[in-house]
Amino acid sequence: QVQVAESGGGLVQPGGSLSLSCAASGISGTYVPAWYRQAPPKSRELVAMMFRDGRAIYGDSVKGRFTISRDDAKTAVYLQMNDLKPEDTAVYYCQLSTANGGLWWGEGTLVTVSS
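Using this note's numbering, the first residue of the sequence shown is number 826, and each one after it goes up by one.
1) By the DSSP assignment, the beta strand (DSSP E) with Y917 in it spans what residues?
2) Taking the alpha-carbon of R890 as reference, which of D896, L836 and S844 has the nearest alpha-carbon?
3) How big is the Cα-Cα spacing for W930 and Y918?
4) Can you pull the DSSP bridge partners for C858?
5) Excluding the 5 residues flanking V916 on each side, which residues of the same chain have their C-beta closer than 6 Å to its C-beta?
6) Comparing alpha-carbon positions, which option in E831, S832 and Q838 lies nearest D913?
7) Which value, in whole angstroms, describes the spacing of the CA atoms of D896 and R869?
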């Protein structure tokens, strides 16, 4: 059974930084990790995704401020968030997907950017 769990959310002031972590267990083979976020009433949106070859893609609103990284030895994914803005406030979700159709989500971690 695959389990995915995010951590690292919290309250941060505008302009500050925060690092999110995602730990997974029970997954085998190659996988593609991604971070999504959702701030109601908006729909869930892609924040960042990292491919096996190290290529990463980012949502337009976070380019240049957020960085995704991975540690395959630990089956862990990270999201470094810098220069945070109030509009970054959302629940951040970790997603893992595999080529054979596997798709798993964590329960999310809340990030609040406010003074």
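Cβ atoms here follow ideal geometry from the backbone N, Cα and C, with glycine treated the same way. All of these numbers come straight from a predicted model, not from anything done at the bench.
Once the coordinates are examined:
1) A915 to S922
2) S844
3) 7 Å
4) The residue asked about is misnamed: residue 858 is Pro in this sequence, not Cys. Its beta-bridge partners are L921.
5) Q863, G933 and L935
6) Q838
7) 25 Å
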